[in-house]
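Under our numbering, the sequence shown has 240 at position 145, and the numbering climbs by one with no breaks.
In what follows, a structure is listed as structure tokens, so that the remarks can point back to it.
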Amino acid sequence: MNVLNQGVLGTHLEKRLRKVSVFMKVQESRDLAMLSELIDELPLAVKCFIEHKLDCDRSPSSLLEYTRDFRIFFGWIAPNLWPFVTTEKELTLDMFNDITREHVQEFSDYLTTSRNLQYKSLVRKIHSLRSLFTYLHLRFEHNKTPILKRNVFATFIMERPSNNMEVARQLQNKVLRLNEIPAFVKFVQEGVIEQNNVQAQWFHNQNRARDVSIVTLLLESGVMVSDIVNLDLDDISLQDGYVIVTRQQASVRTKHRIMFGNNAKTYLYDYLKVRIDTYSPQSGERALFLAKPNGETQGKRISKRAIQAMVKKYALKFGASEVTVRQLTHSFGVQYAATNTVRNMKQQLAQRNMDSLEKYFILSSLID
């Protein structure tokens, strides 16, 4: 391919972005919409990469994270290499030849020191950029010569600074202990009396049935925040105590039955009794968990950001500032590992990565 055609690409990409699969999860649909907004801020060559990945059925959620990684990189390197550039859109493929391996190392150092990224997050960002530059190097030619003469990310290797034992130790003070879980759940349910903030107290009273059901579901099942967002009323069985979630490995989507505990069952039942009266959803709204955006009278499917903010709010007031949605999932993993086998863990968490599972067994022994 010798020429990057802005017009053809724009038309093709707009059509592709509008083609939302009926099999796409709710969170992916939202991420696709956000991706379509951010795409115009990217260099043309990068837009080609995103289009290619969409055509290969790559998850829009993954590509949205890729896009954010790219913008962090370009935002860091552009002032150093191209001070005359005012927007990322002005960057051309040929300009990427100015990037050296030393720049990659400096960017890695920047992520570690200035952004305090852990190894896993650092690897993900470098992997995103390696994937982009590999595509650009192989895809675009001029007179049978690559426009991007070298892929500086291809040979960049990061030494893994920690093993699973050290990863587990890092999580040790970020999860809720067994004796803290009931106290945290009770705190979410009862809250703190906001004597000087009537609005905050009203907001808590309105949403606490929903909030405590979400928190207990995270703590008693190990589901991820995206699973919570995607759940429909048809995906839950209170009688049998399970939810159905969809996970993707490569391009294959599979459904998994994930069990939850009795406390979650109780709180979910209480929430479902008040769901319609509290949130007044439109007729036919199938989302399990709802939220009322400011100024709106009808509830809509809750967002991932709203759940993350909700958990963080309660955690800070509870005195557990390190606790996030992800840490609640980790808290479940630790407790589950104490009494179950690896096989059971793989099934319950719908997780194939052995490193991810091993850290729970190690952490369980450390906490004991």
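All C-beta atoms in this analysis are idealised placements derived from N, C-alpha and C, irrespective of residue type, glycine included.
Helix or strand or just coil, what does DSSP make of ILE309?
-> Numbered from 1 along the sequence shown, position 214 holds the residue referred to as residue 309. If DSSP states are grouped into helix, strand and coil, ILE309 belongs with the helices.
Where in the segment 317 to 346 do unbroken runs of the alpha helix (DSSP H), each at least 4 residues long, occur, reported from the N-terminal end onward?
-> 320 to 325
Limits of the alpha helix (DSSP H) - the one that ILE145 falls within = For the purposes of this step, residue 145 is taken as the residue at position 50 of the sequence shown. Residues 139 to 150.
Sub-8 angstroms separation of PRO155 and LEU130 beta-carbons | For the purposes of this step, residue 155 is identified with residue 60 of the sequence shown, where counting begins at 1. For the purposes of this step, residue 130 is identified with residue 35 of the sequence shown, where counting begins at 1. Yes, Cβ-Cβ distance for PRO155 and LEU130 is below 8 angstroms.
In the structure shown, what three-state DSSP assignment does ILE194 receive?
-> For the purposes of this step, residue 194 is identified with residue 99 of the sequence shown, where counting begins at 1. The answer is coil: DSSP assigns ILE194 none of H, G, I, E or B.
Can you tell me the Cα-Cα spacing of THR392 and GLN377, whole angstroms?
-> Indexing the sequence shown from 1 puts residue 392 at position 297. Indexing the sequence shown from 1 puts residue 377 at position 282. Rounded to whole angstroms, the separation of the alpha carbons of GLN377 and THR392 is 10 angstroms.
Does the beta-carbon distance from VAL247 to PHE235 come in below 8 angstroms?
-> Numbered from its first residue, the sequence shown carries residue 247 at position 152. Numbered from its first residue, the sequence shown carries residue 235 at position 140. Cβ atoms of VAL247 and PHE235: not closer than 8 angstroms.
According to the neighbour-count rule (16 or more other Cβ atoms, all chains shown, within 10 Å of its Cβ), is ASP164 buried or exposed?
-> Position 69 of the sequence shown, counted from the start, is the residue given in the question as residue 164. Label assigned to ASP164: buried.
Can you give the Cα-Cα distance for ALA432 and GLN200, rounded to whole angstroms?
-> Start at 1 with the first residue of the sequence shown, and residue 432 comes out as number 337. Start at 1 with the first residue of the sequence shown, and residue 200 comes out as number 105. Approximately 38 angstroms, taken between the alpha carbons.
Note down, in chain order, each residue of its chain lying with its Cβ closer than 7 angstroms to the Cβ of GLY394, except the 5 sequence neighbours on either side.
-> Along the sequence shown, one-based indexing puts residue 394 at 299. Result list for GLY394: TYR374, SER375, PRO376, LEU385, ALA386 and LYS387, in chain order.
For the putative contact between LEU188 and VAL418, defined by C-beta atoms under 8 angstroms, what is the C-beta separation to the nearest angstrom?
-> Residue numbering aside, residue 188 sits at position 93 when the sequence shown is read from its first letter. Residue numbering aside, residue 418 sits at position 323 when the sequence shown is read from its first letter. At roughly 44 angstroms, the Cβ-Cβ gap does not stay under 8 angstroms, so LEU188 and VAL418 are not in contact.
Residues near ARG225 by beta carbon distance below 7 angstroms, same chain, minus five either side | Here residue 225 refers to the residue found at position 130 when the sequence shown is read from its first residue. Taken in chain order, the residues that qualify are PHE248 and ALA249.
By Cβ distance below 8 angstroms, which residues in the same chain neighbour ALA401 in space, the five residues on each side in sequence not counted?
-> Numbered from its first residue, the sequence shown carries residue 401 at position 306. Within the same chain, ALA401 has close Cβ partners ALA386.
Neighbourhood of PHE251 by C-beta, 6 angstroms cutoff - its chain only, sequence neighbours within 5 removed | The count along the sequence shown starts at 1 and reaches residue 251 at position 156. Excluding residues within five positions, the ones whose Cβ falls inside 6 angstroms are VAL199.
What are the partner residues of HIS425, as DSSP defines its beta bridges?
-> Indexing the sequence shown from 1 puts residue 425 at position 330. DSSP lists no partner for HIS425.
Note the first and the last residue of the continuous alpha helix (DSSP H) segment covering ALA410.
-> Locating residue 410 in the sequence shown gives position 315, counting from the first residue. Run containing ALA410: 399 to 413, per the alpha helix (DSSP H) assignment.
Note down, in chain order, each residue of its chain lying with its Cβ closer than 8 angstroms to the Cβ of GLU464, except the 5 sequence neighbours on either side.
-> An answer regarding residue 464 cannot be provided, because it is not within the stretch 96 to 463 covered by the chain.
SER316 to GLU197, Cα distance in whole Å?
-> On the sequence shown, residue 316 is found 221 positions in, with the first residue counted as 1. On the sequence shown, residue 197 is found 102 positions in, with the first residue counted as 1. Going from the Cα of SER316 to the Cα of GLU197 covers about 45 angstroms.
Assign SER426 to buried or exposed, taking buried as 16 or more other Cβ atoms, counted over all protein chains shown, within 10 Å of its Cβ.
-> For the purposes of this step, residue 426 is taken as residue 331 along the sequence shown, with counting starting at 1. Its Cβ being crowded by 16 or more others within 10 Å, SER426 is buried.
Assuming VAL53 contacts ASP330 (C-beta within less than 8 angstroms), just tell me the rounded distance between them.
-> Only positions 96 to 463 of the chain appear in this structure, which leaves residue 53 out of reach.
Where GLN213 falls, given that 16 or more other Cβ within 10 Å makes a residue buried = By 1-based counting over the sequence shown, the position of residue 213 is 118. Residue burial is scored here from C-beta neighbours: GLN213 has fewer than 16 other C-beta atoms within 10 angstroms and is therefore classed as exposed.
Span separating the alpha-carbon of LEU273 from that of VAL437 = Stepping through the sequence shown from its first residue, residue 273 is reached at position 178. Stepping through the sequence shown from its first residue, residue 437 is reached at position 342. LEU273 and VAL437: Cα-Cα distance of roughly 20 angstroms.
Please say whether LYS399 and VAL324 have beta carbons closer to each other than 8 angstroms?
-> Here residue 324 refers to the residue found at position 229 when the sequence shown is read from its first residue. Here residue 399 refers to the residue found at position 304 when the sequence shown is read from its first residue. Yes; because the gap between Cβ atoms is below 8 angstroms, this pair is in contact.
Compare the beta carbon distance of TYR362 and SER308 with 8 angstroms and say whether it is the shorter of the two.
-> For the purposes of this step, residue 362 is taken as residue 267 along the sequence shown, with counting starting at 1. For the purposes of this step, residue 308 is taken as residue 213 along the sequence shown, with counting starting at 1. Contact: yes.
What separation, rounded to the nearest whole angstrom, lies between the Cα atoms of LEU177 and ASN211?
-> The residue given as residue 177 occupies position 82 in the sequence shown. The residue given as residue 211 occupies position 116 in the sequence shown. The identity of residue 177 in the sequence shown is Trp, whereas the question assumes Leu. The straight-line gap from Cα to Cα measures roughly 26 angstroms.
Where ARG125 and SER332 are concerned, what is the direct C-alpha to C-alpha distance, given to the nearest angstrom?
-> By one-based count along the sequence shown, residue 125 stands at place 30. By one-based count along the sequence shown, residue 332 stands at place 237. C-alpha separation (whole angstroms): 26 angstroms.
Cβ-based neighbour list, LEU328, same chain, cut-off 6 angstroms, excluding 5 preceding and 5 following = Residue 328 sits at position 233 when you count from the first residue of the sequence shown. Within the same chain, LEU328 has close Cβ partners ARG381 and LEU383.
For ASN300 and ALA128, the rounded distance between their alpha carbons = Locating residue 128 in the sequence shown gives position 33, counting from the first residue. Locating residue 300 in the sequence shown gives position 205, counting from the first residue. Each residue's alpha carbon lies about 32 angstroms from the other.
C-alpha distance - ALA445 paired with CYS143, whole-angstrom precision = Translated into positions along the sequence shown, residue 445 becomes position 350. Translated into positions along the sequence shown, residue 143 becomes position 48. If I take the Cα positions, the gap works out to 33 angstroms.
Per-residue burial, ALA278 [other beta carbons within 10 Å of its own, 16 or more giving buried] | Walking along the sequence shown from the start, residue 278 turns up at place 183. Burial call: exposed.
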